[in-house]
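2 protein chains.
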Amino acid sequence: MTMTDVASPVLDELAAVLTAAQIVTGPRTESNRRDQSEGTLSGEPLAVVFPASTEEVAAVVTIAAAHRIPIVPQGARTGLAGGANAIAGAIVLSTTRLKKILSVDAANQTATVQAGVRTIALARAAEAVNLFYPPDPGSWRASTIGGNVATNAGGMLCVKYGVTGNFVRQLTVVLADGSIVKTGQRTIKGVAGYNLTALLVGSEGTLGIITEITVGLLPAPASPSGVSATFSTATDALAAANTIVAGSRRPSVLEFLDGACIEAINAFDPASALPRGAGALLLVQSDQIGQAHDDVEAYADVLRAAGADDVVIAHDAESLDRLMSARRLLHPAVQAVRGGCLNEDITVPRSQLPALLAGLAEISRELDVPISTGGHIGDGNLHPVIGYDPAAPAELEAAHVAFARVIGLAISLDGSASGEHGIGVLKRAHLDDELGPVLRDLQLRVKAAFDPLGILNPGKKL
Amino acid sequence: MTMTDVASPVLDELAAVLTAAQIVTGPRTESNRRDQSEGTLSGEPLAVVFPASTEEVAAVVTIAAAHRIPIVPQGARTGLAGGANAIAGAIVLSTTRLKKILSVDAANQTATVQAGVRTIALARAAEAVNLFYPPDPGSWRASTIGGNVATNAGGMLCVKYGVTGNFVRQLTVVLADGSIVKTGQRTIKGVAGYNLTALLVGSEGTLGIITEITVGLLPAPASPSGVSATFSTATDALAAANTIVAGSRRPSVLEFLDGACIEAINAFDPASALPRGAGALLLVQSDQIGQAHDDVEAYADVLRAAGADDVVIAHDAESLDRLMSARRLLHPAVQAVRGGCLNEDITVPRSQLPALLAGLAEISRELDVPISTGGHIGDGNLHPVIGYDPAAPAELEAAHVAFARVIGLAISLDGSASGEHGIGVLKRAHLDDELGPVLRDLQLRVKAAFDPLGILNPGKKL
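Put into structure tokens, the structure is as follows:
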């Protein structure tokens, strides 16, 4: 049986439950084949579908299950691990038409949205009733809540508030057989049966298709104050960060850039004018009601005492925006270093950060690859970026060798190959080392309990 | 085959891996048959064993699996839902000898303990290095961390800090076949594969036997200030609590007692001298660094503006202790009302609290049973207690009818029959209503993925 044999009846069945505008086939599927990861595999899907309700998602999954065709759920494709990449012959299920904010419940401090709602739209809807949705992945202006839940996305504010999963209360999910269930509770406590909500968070579309999400919200924080500081060595910056984390004041942001990041940002946009030759930069914020100003002054004292060279404080929104603008250039700047880049996303216990940075420097030197490292140092979550020239196959190869060594380094330091971006297809090969055979087998049994036919985003995550 | 036929070889095998002092059989098992729930079933176990290491737990589970004998894990038996009750012919596996604090890692703000360590011992170990383990179930002086994790226990501080599960980073678990795995990460972020750690939290010993736990710790908070206030009606108290929750100041404690609780406490200990005839009492605390004093003065203003009759503020430890002492008598006081009691543990969205209290009053009136209701109102988690005279079978029967009606009431208000005490055996019958058939079937498949022989605490949780 060839793909064409299958295709026609399946497309007919899809056409019976969706409008023509909701089904895309052929070359026009090109734009839905990949997320933003480089070097990850993808294939030509049978179709890309755009359901607009949970019931339409269920109808699509029912058809896919009947024909045993893989389904790849896809949000805004801002991922960096290939988790939403199309698979040859699969149905790509885009959530971009599931974009209704269903309710914002100020009394219970919750909001319920469809999976395709953009992160920024949820954050703004919460702000409108003086509430706060903290998770802020770097792509939050484009990314969908569904994608954030599927990858358990993090962000700069997670050092204080936790990752996406910490805010998820309920999920409406289409299971692999097309049935619709609602997991979790609207309340903070209370779970009937096992905590399937927590299991679905971060499952990258392999256990079910999430169509609606209820999140908990917090009272609005204070307008943040912030401080930046440069250090001559990364070691000094790490020591300063540790002092801040150990203190009783809880920073809402604690970000680190190494010397290579600083150099890349200055090269990318000379107007950034970060201090030349600095070994590292820290950015610290507080949004604590009634304390943000004092907190940041205290952080500045800590940074100076730790040997900071250049301490800049911002107590108003405009100065703070200036302070943070260089950090926002990080991603394009490090990509521009060699034209191509592989993005790592690793976590280690904070006490292992000096060893991690030393190990990264060694890998960079031994393999002669540029590695720039920045990230959420308060969480021990760093993003080493390995540059390569896309026109030089030897550089890409060296970058891949370096990529694997960095993961091995993180695991050897009691850390993880995963952070806030998911596993996707990019890191599957490294998962076995981290899990070991018994735990991997258990994970596969859990997958089979949810998806006995193996049609939900196969070849991803596990 | 009778139990005696099986017993002898099993006991011989247990004796080969444990010392004689670690195996208890016959009438001496009596003290390990039940938790603190009333009216729940239990049976005579084959043996109670007291392993002292993860390896000994694994050896016991391997023997049980070979003979397909159920295993009931048991902590300090402070549970209120029968989750740790013995099953006839089962091996009861007590974790009380797993009581080592393995490490407190101040740099990474984590602690690793064996499952039988008491909650208070972990909290004190954290305090010793100026860190903080917030979850504070009412039984925390006696309860074990393993039991807290197995039931995802809550407590008074959870309104600000979240439940036990929010602090669990890694678990060492003996699976149903006796293999040993470690789930999760020492870091805040980063999960390889599915989040089995979150799935195991609250699984009440039905998915694996938890032997070691790594928890995240926080910097120590401020010494708390507190305020208590009485109201002529529960409605007024609820309105005041809602105002506090909606504000930007985050209370570390927000507790509610209804008029029946106040009456019971005054009857139990006249020295409590709570205002006679009050319809409700609120207790509010703040432990925010640099703000606790101001927060509590602001809370007092809110309470007065909401019509509080009797507002008492405490800014030092001794006065605060006096303020909280009546609350601590709640459990024995409500039990003393009729001699026996059934303890509910329900959650509803906060906006449904007035409807919940009205419904409880109606059930109490219609069935002529005393119901006193107190609890963690900031979480929507209340503990209605239904009194009965143990010598009057009709009262026990009426209490059970009321118990089921209260659960139905919570579910009808978009809430849950579960809160912070687990499901155990007490609430299994009500779970189907809450889950529905599709979700229940999925839960059973997850259970089978972990425990294909069904030997882990059968008849509990699901």
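In order, the protein sequences belong to chains A and B. So in UniProt numbering, spot 39 of the first sequence is number 39, and the numbers just go up one at a time. So in UniProt numbering, spot 77 of the second sequence is number 77, and the numbers just go up one at a time. Even for Gly, the Cβ is constructed at its ideal location relative to N, Cα and C.
- Using a Cβ-Cβ cut-off of 8 Å, Q185 (chain A) is close to T347, G415, S416 of chain B, given in chain order.
- For Y388 (chain B), no alpha helix (DSSP H) encloses it; the enclosing beta strand (DSSP E) starts and ends at 381-388.
- By the Cβ test, the stretch 130-144 of chain B is in contact with the stretch 158-167 of chain B, since at least three Cβ pairs between them sit closer than 8 Å.
- Within its own chain, the residues whose Cβ lies closer than 6 Å to the Cβ of H67 (chain B), once the five positions on either side in sequence are excluded, are V10, listed in chain order.
- Taking C-beta atoms under 8 Å as the contact rule, A240 (chain A) and L282 (chain A) qualify, at a distance of about 6 Å.
- If you keep only unbroken beta strand (DSSP E) runs of at least 3 residues inside the stretch 148-178 of chain A, you get 168-174.
- The criterion of a C-beta distance shorter than 8 Å is not satisfied by V337 (chain A) and G380 (chain A).
- Using a C-beta cut-off of 8 Å, the stretch 74-86 of chain B makes no contact with the stretch 179-195 of chain B, since fewer than three inter-stretch Cβ pairs fall below that distance.
- Burial is judged here by how many other beta carbons sit within 10 angstroms of a residue's own beta carbon; P349 (chain A) has at least 16 and is buried.
- Non-local C-beta neighbours of V227 (chain A) in its own chain, meaning closer than 6 Å and more than five positions away in sequence, comprise V284, V296, Y299, A300, I313, ordered along the chain.
- In the DSSP annotation of this structure, the continuous segment of the alpha helix (DSSP H) that includes V296 (chain A) starts and ends at 292-305.
- Counting along the chain, N85 (chain B) sits inside no alpha helix (DSSP H), nor does DSSP assign it H or E at all.
- Between the alpha carbons of I188 (chain A) and A107 (chain A) lies a distance of about 13 Å.
- Between the stretch 171-183 of chain B and the stretch 356-366 of chain B there are fewer than three C-beta pairs closer than 8 Å, too few to call the two in contact.
- Rounded to the nearest whole angstrom, the CA to CA distance from I455 (chain A) to P45 (chain A) is 14 Å.
- With respect to chain A, the C-beta atom of N108 (chain B) has a partner C-beta closer than 8 Å.
- Put simply, the stretch 241-260 of chain A touches the stretch 287-296 of chain A. At least three CB pairs are less than 8 Å apart.
- Contact check for F231 (chain B) against A305 (chain B) fails: the beta carbons are separated by 8 Å or more.
- Close to R249 (chain B), with beta-carbon spacing below 9 Å, are these residues of chain A in chain order: P219, I289, G290.
- Taking C-beta atoms as the reference points, G138 (chain B) and G165 (chain B) fail to come closer than 8 Å.
- With the criterion set as a beta carbon lying under 8 Å from some beta carbon of chain B, the members of the stretch 409-442 of chain A are D414, G415, S416, A417, S418, G419, E420, I423, L431, E434, L435, G436, V438, L439, R440, L442, in sequence order.
- B:I289 is the residue among B:T62, B:K460, B:I289, B:V61 whose C-alpha sits nearest the C-alpha of S225 (chain B).
- Between the stretch 80-88 of chain A and the stretch 413-424 of chain A, the count of Cβ pairs shorter than 8 Å is three or higher; the stretches touch.
- With 16 or more neighbouring CB atoms inside 10 Å of its own CB, R327 (chain B) falls in the buried class.
- Cβ atoms of I209 (chain A) and I145 (chain A) stay farther apart than 8 Å, at about 14 Å.
- In this structure, G375 (chain A) places its C-beta atom within 8 Å of the C-beta atom of F256 (chain A).
- By the Cβ neighbour-count rule, R276 (chain B) is exposed, with fewer than 16 other Cβ atoms within 10 Å of its own.
- Among the residues of chain B, those whose CB is under 8 Å from the CB of G202 (chain A) are V191, Y194, N195, following chain order.
- Sixteen is the threshold: when 16 or more other Cβ atoms of the shown chains lie within 10 Å of the Cβ of G378 (chain A), as they do, the residue is buried.
- Taken through DSSP and simplified to helix, strand or coil, V72 (chain A) comes out as strand.
- Three or more beta-carbon pairs separated by less than 8 Å link the stretch 178-186 of chain A to the stretch 435-450 of chain B, which places the two stretches in contact.
- Taken in chain order, the complete beta strand (DSSP E) segments of 3 or more residues contained in the stretch 188-259 of chain B are 209-216, 225-231, 253-258.
- Shown here, R186 (chain A) sits in coil according to DSSP, grouped into three states, outside any helix or strand.
- Taking a Cβ-Cβ cut-off of 8 Å, L238 (chain A) has no neighbours in chain B, whose nearest Cβ is about 11 Å from it.
- In summary, the residues of the stretch 145-159 of chain A whose CB is separated from some CB of chain B by less than 9 Å are N152, G154, C158, V159, in the order they occur in the chain.
- The stretch 313-324 of chain B makes no contact with the stretch 49-69 of chain B: fewer than 3 CB pairs, one atom from each, lie closer than 8 Å.
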